[in-house]
Each structure stands twice: as C-alpha cells, then as structure tokens.
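Using my numbering, the letters of the sequence shown map in sequence onto residues 17 to 366. Note that CB positions come from ideal geometry on N, CA and C, so glycine has one too. As structure tokens, the structure follows; a few thoughts come after it.
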Amino acid sequence: MADLINVAILGASGYTGSELVRLLLRHPRVKIAALTADRKAGQAMADVFPQFAGVELPRLITIAEIDLDAIDLVFCALPHGTTQGVIAGLFEKKQTLKVVDLSADFRLADPADYETWYGHPHQALELQKEAAFGVTELNRDAIAGARLIANPGCHSTTSILPIVPLLREKLIDPDNIVVVSATGMSGAGRAAKEEMLFSEVSEGVHAYGVGKHRHTSELDQEFDKASGRLSRATFTPLLIPMNRGIYATVTVTLAAGATAEKLHETLTETYAGEPFIAVLPFGKVPQSRHVRGSNFVQLGVVADRGPDRAIVISTLDNLVKGASGQAVQNMNVVCGFPETEGLESRAVFP
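Here it is in structure tokens:
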C-alpha cells in the first residue's frame with residue numbers, strides 16, 4: 017500500500033470514533049479523508065468533540081456521501097447489527113478496500129454462534145469467512161493478509177492476551193477459568209442512558225450481563241481454539257466509576273506439573289519483544305492507571321494460596337488497546353507500516 021493512505025471513520029461521533037481521530041491525527045502515514053455520523057451529519061467534529069477545536073478535519077457526513085474512490089481504508093465504529101450490511105455495501109463498491117471493524121459483527125467465525133449471542137442471523141456470511149480476528153499479537157499473520165479485520169471486544173482482548181498462551185502450552189485447566197473483569201464507564205458508549213448518570217454509578221460497583229455477556233462468546237471461541245477442545249470460562253463483568261480502563265482478574269487451575277512461576281515464564285517468553293505488552297516481575301500486580309490513555313497492556317502473575325491455582329491479572333485502556341488503538345495497530349499491520357506508528361504515547365499519569 018502507498019506510504020500515505022486516506023482513511024474514513026464511520027461512526028466518528030462516538031467514543032471509539034473520536035479516539036480514532038485523536039490517534040490518527042499524529043500518525044505520519046494517514047490522512048483522515050472522511051468522517052461520518054448519522055444524527056450529527058453536517059456538523060464540524062469540533063462541535064461534537066470540543067477537544068478538536070482548531071484542528072482541520074472533514075465535516076461529518078452520511079455514509080452514502082463518502083467518495084470511496086478516494087479512500088484506501090475504512091474504520092467502522094458503528095453499532096453491532098448494522099455493520100454487516102454497511103461493510104458488504106462498501107466492498108460491493110470497492111473490492112480493494114481495507115476495513116477494520118470495531119463492532120462485534122465479524123468477530124465470531126461460526127455464524128450459528130453469532131445468531132445465538134446476538135439474536136439474529138448473520139447478514140454477510142461470505143465476508144465472515146474471510147474476516148481475521150484482530151488480537152494483533154496473537155493473529156498477526158492472518159491480519160496482514162486480510163482485507164477485513166474484526167477488532168475484538170475490550171473485555172475479551174484483556175483476557176485473551178494472558179490466557180491463550182497458557183492454554184496453548186497446556187499449563188492450565190480449560191474447565192476452570194474464572195474471569196472477573198472491571199470496566200470504566202466509557203465502555204457503555206456515549207448515548208444518554210438513565211442507568212449511566214453520575215448519581216446512578218458513582219460511589220459504587222455492580223456486575224452486569226452476569227452469565228450472558230456477549231464478550232463471553234469471544235472467550236469461548238479463542239479459548240477453544242487455544243486448548244484444542246471445548247472450554248467454558250466463567251466471565252463476570254463489573255462496571256466501576258472511572259472513565260477509562262479494564263482490569264481483569266483471572267483465577268486459573270494449574271495443570272499437572274505446572275506452577276505459577278511457569279505461567280509467568282511462559283507469558284514473559286511469549287511477549288518478549290512485543291512493543292505494547294509488559295509482563296511485570298513475578299508477584300507484582302498491574303494498575304489500570306499505568307496504561308490509561310495508551311495502547312499498552314500490563315500483565316501480572318501471582319501464586320494463589322492453593323498450590324494448584326494462580327491469579328493472572330491484565331489491564332489495558334478499553335478505548336485504546338481495547339478498541340481504537342488496537343484498530344490502528346491492525347491498520348499498521350495490514351498496510352505494512354511500522355506497527356507502533358501513531359501509538360507510541362505512554363500512559364497519562366496521574
């Protein structure tokens with residue numbers, strides 16, 4: 017692909033859309049050529065997100081108004097259920113287009129699983145067959161050759177990164193994985209909801225989607241693949257009163273002969289040289305504030321008091337590595353750019 021590409025962001029008026037704009041503005045090989053919104057079409061981006069005041073950006077338009085001839089790659093930050101038809105329509109108009117989809121519409125390889133978890137049949141079966149699941153560090157080769165990349169969910173990315181390598185090496189029991197994953201408020205999106213008012217969520221924590229959260233399907237898919245058999249993790253998401261971040265505490269049962277130290281050694285070896293993943297010294301616990309606003313992930317392994325268990329902790333920013341940052345990372349891979357370009361900024365602290 018060319019040294020400079022033109023990109024379009026569909027759904028630029030949401031949190032992940034605005035985060036894409038923030039990241040791509042400092043990318044040396046990208047020009048933001050089109051931004052779309054539905055209800056806010058016709059407005060300036062700075063009217064929707066005042067942090068972009070003084071920045072020269074295209075006005076928000078509808079998807080139908082995009083000149084695809086001038087676009088090399090599309091980021092799709094639309095709600096699930098609507099994206100399949102939109103992306104199918106884009107490829108009908110331009111076969112050579114590259115698409116990074118941030119919705120859930122192409123994450124599940126089995127259409128029956130999609131229908132089970134999302135309540136309706138998949139509307140783009142042929143495209144589903146070619147979609148590459150976008151956990152960059154674990155699926156880089158497939159991403160590099162794809163024209164459609166399905167960015168994974170934020171909760172699922174947080175747990176897949178530490179657990180898949182351990183399942184591949186048969187160090188943990190696939191039947192005994194318990195994930196408790198706490199997320200900040202931005203994970204619920206920008207639309208006004210009564211249950212997301214400050215007075216409804218501040219000074220407290222609560223579980224949601226217990227036993228049925230849709231990101232569980234991505235854990236099932238990737239854990240099954242890694243273990244070579246059926247694996248059913250217990251997944252409980254928590255909503256906590258902070259803007260950004262995910263913090264997953266994963267309790268695992270060790271396979272025969274495995275130790276917590278061996279888990280730590282495996283993760284350290286797996287991610288050695290990976291620019292965005294830091295495995296902390298054994299026994300050290302990550303903190304979400306140390307990855308806030310960045311594309312970085314911190315992993316930690318701690319021995320549980322039971323000799324057959326260990327606790328694996330993973331944290332990342334849900335809007336960056338959990339969504340828009342990983343989407344830019346995948347764009348870099350599929351376009352042959354240096355993988356870290358546009359993503360080098362460290363965490364905002366304090």
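Subject >> Bridge partner(s) assigned by DSSP for residue 140 >> reply: In the DSSP output, where bridge partners are listed per residue, residue 140 has none listed.
Subject >> Limits of the beta strand (DSSP E) - the one that residue 255 falls within >> reply: 250-255
Original post:
Looking at the unbroken beta strand (DSSP E) that takes in residue 330, where does it start and where does it end?
Top reply: 325-332
**OP:** Please name the residue or residues paired with residue 222 in a DSSP beta bridge.
**Re:** 255
Subject >> The alpha helix (DSSP H) enclosing residue 59, as first and last residue numbers >> reply: Run containing residue 59: none; DSSP gives neither H nor E here.
Original post:
Rounded to the nearest angstrom, how far is the Cβ of residue 182 from that of residue 268, given a contact under 8 angstroms?
Top reply: 7 angstroms
Original post:
Fully enclosed by the segment 99-180, which beta strand (DSSP E) runs are 3 residues long or longer?
Top reply: 114-117 and 164-166
**OP:** Could you tell me how far apart the beta carbons of residue 301 and residue 283 are, in whole angstroms, since I believe they sit closer than 8 angstroms?
**Re:** At roughly 14 angstroms, the Cβ-Cβ gap does not stay under 8 angstroms, so residue 301 and residue 283 are not in contact.
**OP:** For residue 29, name the three-state secondary structure that DSSP assigns.
**Re:** coil
Subject >> Rounded separation between residue 178 and residue 329 - CA only >> reply: 8 angstroms
**OP:** Kindly list the residues whose CB is nearer than 8 angstroms to the CB of residue 106, restricted to its own chain and excluding five residues on each side of it in sequence; keep chain order.
**Re:** 84, 90, 113 and 115
Subject >> residue 222 classed as buried or exposed, judged by whether at least 16 other C-beta atoms fall within 10 angstroms >> reply: exposed
Subject >> Start-to-end residues for the alpha helix (DSSP H) that takes in residue 47 >> reply: Premise fails: residue 47 lies in the beta strand (DSSP E), 46-52, not in any alpha helix (DSSP H).
Original post:
Should the segment 69-79 be called in touch with the segment 37-52, which here means at least 3 C-beta pairs below 8 angstroms?
Top reply: yes
**OP:** Look at the alpha carbon of residue 47 and the alpha carbon of residue 25, and state the distance between them as a whole number of angstroms.
**Re:** 11 angstroms
Original post:
On the three-state DSSP scale, how would you describe residue 359?
Top reply: coil
Original post:
In or out: residue 337 buried (at least 16 other Cβ within 10 Å) or exposed?
Top reply: buried
Original post:
Buried or exposed: residue 111, going by 16 or more other Cβ atoms within 10 Å of its Cβ?
Top reply: exposed
**OP:** May I have the straight-line CA-CA distance separating residue 144 from residue 323, to the nearest angstrom?
**Re:** 43 angstroms
Original post:
Excluding the five sequence neighbours on either side, which residues of its own chain have a C-beta within less than 6 angstroms of the C-beta of residue 217, listed in chain order?
Top reply: 257
**OP:** Under 8 angstroms by Cβ, that's how I've got residue 147 and residue 118 pegged, so tell me the actual separation to the nearest angstrom.
**Re:** Their Cβ separation, rounded to whole angstroms, is 13 angstroms, which puts residue 147 and residue 118 out of contact at 8 angstroms.
Original post:
CA-CA distance, residue 352 and residue 219?
Top reply: 45 angstroms
Original post:
Does the beta-carbon of residue 251 have 16 or more other beta-carbons within 10 angstroms, so that it is buried, or is it exposed?
Top reply: buried
Original post:
Within this structure, are the beta carbons of residue 345 and residue 331 separated by less than 8 angstroms?
Top reply: no
Subject >> Given residue 31 as reference, the closest of 187, 200 and 20 once Cα atoms are compared >> reply: 200
**OP:** Output the distance between the C-alpha atoms of residue 196 and residue 86, rounded to the nearest integer angstrom.
**Re:** 44 angstroms
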